[in-house]
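*Asks:* Per our numbering, the very first residue in the sequence shown carries number 25; after that it's consecutive.
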Amino acid sequence: MELKDQLSALQTELKSYVEKAAEEKKNFGTMLTETKESVEKLQKQIDAVDIKLAEKHQAGAPELSLEEELKQNDDVARIIKNRSGRVSFTVKSNRFFDRKTTITSAAVGASTSGVLTIDRISGITAEARQGLRVRDLFLARPTSLQLVDFVKVTSPPSYTISMTGDTTNGSKAIANTSISTSGLKVGQPISGTGIAAGSVIASITGANAITVSKNATATATGVALSVTAGAGSVTAEGNAINESAVTFASASEKVKTIAAFIPATKQILDDFAELAGYINTSLPYYVNLEEELQLLSGDGTGENLHGYIPQAQAYDTSLNVAGDNKIDQLGHAISQIARSKELTPTFIVLNEMDWWAIRLTKDSYGRYILGDPQTAVRPSIWGLDVVPTTSIPQNQFLVGTGAPPAAEIRDRMDMQVEISTEHADFFQKNLVAIRAEKRVANVVKRPNAFVQGQFS
Numbered sequence: 025m026e027l028k029d030q031l032s033a034l035q036t037e038l039k040s041y042v043e044k045a046a047e048e049k050k051n052f053g054t055m056l057t058e059t060k061e062s063v064e065k066l067q068k069q070i071d072a073v074d075i076k077l078a079e080k081h082q083a084g085a086p087e088l089s090l091e092e093e094l095k096q097n098d099d100v101a102r103i104i105k106n107r108s109g110r111v112s113f114t115v116k117s118n119r120f121f122d123r124k125t126t127i128t129s130a131a132v133g134a135s136t137s138g139v140l141t142i143d144r145i146s147g148i149t150a151e152a153r154q155g156l157r158v159r160d161l162f163l164a165r166p167t168s169l170q171l172v173d174f175v176k177v178t179s180p181p182s183y184t185i186s187m188t189g190d191t192t193n194g195s196k197a198i199a200n201t202s203i204s205t206s207g208l209k210v211g212q213p214i215s216g217t218g219i220a221a222g223s224v225i226a227s228i229t230g231a232n233a234i235t236v237s238k239n240a241t242a243t244a245t246g247v248a249l250s251v252t253a254g255a256g257s258v259t260a261e262g263n264a265i266n267e268s269a270v271t272f273a274s275a276s277e278k279v280k281t282i283a284a285f286i287p288a289t290k291q292i293l294d295d296f297a298e299l300a301g302y303i304n305t306s307l308p309y310y311v312n313l314e315e316e317l318q319l320l321s322g323d324g325t326g327e328n329l330h331g332y333i334p335q336a337q338a339y340d341t342s343l344n345v346a347g348d349n350k351i352d353q354l355g356h357a358i359s360q361i362a363r364s365k366e367l368t369p370t371f372i373v374l375n376e377m378d379w380w381a382i383r384l385t386k387d388s389y390g391r392y393i394l395g396d397p398q399t400a401v402r403p404s405i406w407g408l409d410v411v412p413t414t415s416i417p418q419n420q421f422l423v424g425t426g427a428p429p430a431a432e433i434r435d436r437m438d439m440q441v442e443i444s445t446e447h448a449d450f451f452q453k454n455l456v457a458i459r460a461e462k463r464v465a466n467v468v469k470r471p472n473a474f475v476q477g478q479f480s
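(1) Mind reading off the beta-carbon distance from Leu408 to Ile333? Whole number of angstroms is fine, and I expect it under 8 Å.
(2) From Glu37 to Thr413, what does the alpha carbon distance come to, in whole angstroms?
(3) Where do the ends of the beta strand (DSSP E) carrying Gln478 lie?
(4) Closer than 8 Å: is that where the CB of Ile282 sits relative to any heavy atom of the ligand MN?
(5) Which class does Glu43 belong to by DSSP, given the choice of helix, strand or coil?
(6) I'd like to know if the stretch 232-246 and the stretch 186-195 are in contact, where contact means that at least 3 CB-CB pairs between them fall below 8 Å.
(7) Evaluate Trp380 with the Cβ neighbour count: other Cβ atoms within 10 Å of its Cβ, from every protein chain shown; 16 or more gives buried, anything less gives exposed.
(8) Could you check whether the stretch 40-51 touches the stretch 282-295, counting it as contact only if at least three pairs of C-beta atoms, one from each stretch, sit closer than 8 Å?
(9) Can you tell which of Lys196, Phe450, Asp143 and Gly331 has its C-alpha closest to the C-alpha of Phe474?
(10) Helix, strand or coil for Phe450, going by three-state DSSP, please let me know.
(11) Starting from Gly466, follow the beta strand (DSSP E) in both directions and report where the run begins and ends.
(12) When you compare each of Ile214, Ile70 and Asn232 to Val224 by their alpha carbons, which one comes out closest?
(13) Quick check on Ser436: does DSSP put it in helix, strand or coil?
(14) Where does Arg165 fall in DSSP's three states?
(15) What separation, rounded to the nearest whole angstrom, lies between the Cα atoms of Met437 and Ala164?
(16) How long is the line joining the alpha carbons of Val158 and Val270, rounded to whole angstroms?
(17) Could you pull out every residue in the same chain whose Cβ sits closer than 8 Å to the Cβ of Phe272, ignoring the five residues on either side in sequence?
(18) Compute the Euclidean distance between the alpha carbons of Lys28 and Phe296, then round it to the nearest angstrom.
(19) Please classify Thr413: does DSSP put it in a helix, a strand, or coil?
(20) Along the chain, where does the beta strand (DSSP E) that runs through Pro180 open and close?
(21) Between the alpha carbons of Gly390 and Leu384, how many angstroms are there, rounded?
(22) Let's see if you can read the secondary structure: which residues bound the beta strand (DSSP E) around Gly251?
(23) At what residues does the beta strand (DSSP E) containing Ile282 begin and finish?
(24) Rounded to a whole number of angstroms, what is the C-alpha to C-alpha distance between Phe121 and Tyr302?
What follows is the structure, encoded as structure tokens:
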């Protein structure tokens with residue numbers, strides 16, 4: 025075979041490997057070792073044929089190659105630098121005329137690690153990731169055990185005032201009480217036949233008459249009623265002090281494991297260092313993302329955490345009035361917590377879309393209610409920090425407190441990332457398993473310190 029034909033065949037074969045290398049770079053981020061070796065081998069063969077062709081045209085004295093002549097030509101250098109203009113020059117080397125193909129990027133290996141150098145930005149550009157802020161709202165403390173137990177008061181210190189009275193179905197009035205109302209106070213819980221659950225004394229209307237907060241469910245005469253009074257009471261000198269009672273209950277939360285796992289070949293981690301770094305940072309992020317979702321909405325069943333939303337008070341929609349907007353409803357939720365005599369709330373969790381709907385609210389003059397858009401405004405409503413996040417569904421909200429008496433996070437194990445070949449047949453297959461995990465318990469001690477609801 026003629027040298028020229030041999031060179032053409034080698035170039036055709038090299039071109040196929042160049043295309044293969046480009047596809048490998050697209051799929052794997054780099055050229056496979058086997059392809060790289062084939063490209064280098066073909067390049068050496070092409071170089072050898074080039075030398076033989078050059079020797080055929082030698083006339084005794086060594087000649088400059090075309091590359092060397094171009095490098096030494098000042099006019100060519102000027103054209104390359106300015107990227108414009110025109111130049112003519114005489115080629116003295118006969119070696120040039122054995123190349124009858126157009127010189128292209130593919131011919132010199134622009135898409136592989138060949139002649140042309142490429143500008144590669146180091147690292148891997150990660151996917152979009154949301155900020156994780158819910159955990160930061162609460163105190164987190166370590167624990168060395170798998171079960172976190174706590175004691176809570178189910179019935180605070182109090183004593184019971186027994187009385188009788190007459191109820192009328194659909195009415196809040198109770199008359200003919202058997203004792204003087206002087207021992208009663210507004211806000212004291214009241215129960216008995218015909219009294220709606222959750223009723224409290226709303227007002228004292230006479231020496232033997234009161235009204236309650238909810239309508240009676242039955243009409244009855246002389247029914248037994250019980251009023252729960254606080255432990256403290258005014259006692260006349262020499263009289264017996266009312267005996268109070270308090271009840272407790274034990275509650276517990278299990279430590280749960282949140283983890284992520286991915287397999288990879290040992291070779292790719294050795295050859296592509298950035299991939300190892302990407303995996304080692306990505307897995308912990310997705311573990312923490314799942315933790316945030318669990319802290320908010322975990323239902324407590326199986327291996328799920330018991331989140332704040334499932335345990336919180338449901339928003340009392342009877343507080344809504346005509347014309348209320350989202351800001352008004354959040355104010356009602358705050359007042360609902362206050363009526364429950366709970367801890368003062370410190371935060372509001374909203375979906376990003378709901379926060380921006382509020383932030384863009386204008387008054388009748390077209391002014392933004394929450395401040396000038398040219399001024400940096402800390403997200404807050406009614407004095408509470410607003411946490412905008414996509415971890416809560418749109419139109420849902422959570423109002424609560426991060427105070428430890430209400431809730432806290434207990435960490436059994438901080439985030440750990442482990443790499444091992446000791447999984448199934450990974451050692452035999454040169455595979456590694458990469459795992460990120462943490463162990464955590466979510467302890468909500470006073471669920472009524474939280475209110476969750478839907479915007480309407």
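Heads up, the beta-carbon is just placed ideally off N, CA and C, and yes, glycines get one too.
Since the model is a prediction, treat every value here as computed from it, not as a measurement.
*Replies:* Concretely, from the data shown:
(1) Along the sequence shown, read from residue 1 onward, the residue named residue 408 stands at position 384. Along the sequence shown, read from residue 1 onward, the residue named residue 333 stands at position 309. Contact flag wrong, Cβ pair sits at about 17 Å.
(2) By one-based count along the sequence shown, residue 37 stands at place 13. By one-based count along the sequence shown, residue 413 stands at place 389. Cα-Cα distance, rounded: 55 Å.
(3) Taking the sequence shown and counting its residues from 1, one reaches residue 478 at position 454. Its beta strand (DSSP E) spans residues Val475 to Gln478.
(4) Although the ligand MN was asked about, the structure shown includes no ligands whatsoever.
(5) Numbered from its first residue, the sequence shown carries residue 43 at position 19. Looking at Glu43 - three-state DSSP - the assignment turns out to be helix.
(6) yes
(7) One-based indexing of the sequence shown puts residue 380 at position 356. The residue is exposed, with fewer than 16 neighbouring Cβ atoms inside 10 Å.
(8) no
(9) Counting from 1 along the sequence shown, the entry for residue 474 is found at position 450. Selected option, being the one with the closest Cα: Gly331.
(10) Here residue 450 refers to the residue found at position 426 of the sequence shown. Helix at Phe450.
(11) Looking up residue 466 in the sequence shown gives position 442. Per the sequence shown, residue 466 should be read as Asn rather than Gly. Per DSSP, Asn466 belongs to the beta strand (DSSP E) from Leu455 to Val468.
(12) Residue numbering aside, residue 224 sits at position 200 when the sequence shown is read from its first letter. Among Ile214, Ile70 and Asn232, the Cα nearest to that of Val224 belongs to Ile214.
(13) Here the question's residue 436 lines up with position 412 in the sequence shown. The question names Ser, but residue 436 in the sequence shown is Arg. Here Arg436 sits in strand by DSSP.
(14) Counting from one through the sequence shown, the residue named residue 165 turns up at place 141. Three-state DSSP puts Arg165 in a strand.
(15) Along the sequence shown, one-based indexing puts residue 437 at 413. Along the sequence shown, one-based indexing puts residue 164 at 140. Going by the C-alpha atoms only, they are around 12 Å apart.
(16) Here residue 158 refers to the residue found at position 134 when the sequence shown is read from its first residue. Here residue 270 refers to the residue found at position 246 when the sequence shown is read from its first residue. Going from the Cα of Val158 to the Cα of Val270 covers about 34 Å.
(17) The residue labelled residue 272 in the question sits at position 248 within the sequence shown. Only Val175, Lys176, Val177 and Thr178 meet the Cβ criterion.
(18) Counting from 1 along the sequence shown, the entry for residue 28 is found at position 4. Counting from 1 along the sequence shown, the entry for residue 296 is found at position 272. Distance between the alpha carbons of Lys28 and Phe296 is about 39 Å.
(19) The residue you call residue 413 lines up with position 389 of the sequence shown. Coil, per DSSP.
(20) Here residue 180 corresponds to residue number 156 of the sequence shown, with the count starting at 1. Leu171 to Thr191 is the extent of the beta strand (DSSP E) around Pro180.
(21) As a working note, residue 390 is residue 366 in the sequence shown. As a working note, residue 384 is residue 360 in the sequence shown. Using only the alpha carbons, I get a separation of about 10 Å.
(22) Stepping through the sequence shown from its first residue, residue 251 is reached at position 227. Per the sequence presented here, residue 251 reads as Val, with Gly not at that position. Per DSSP, Val251 belongs to the beta strand (DSSP E) from Ala244 to Gly254.
(23) The residue you call residue 282 lines up with position 258 of the sequence shown. Unbroken beta strand (DSSP E) run through Ile282: Lys280 to Thr289.
(24) If you number the sequence shown from 1, residue 121 lands on position 97. If you number the sequence shown from 1, residue 302 lands on position 278. Residue placement at Phe121 is poorly supported in this model, since its pLDDT is 48, which falls under 50; the coordinates are not used for a value here.
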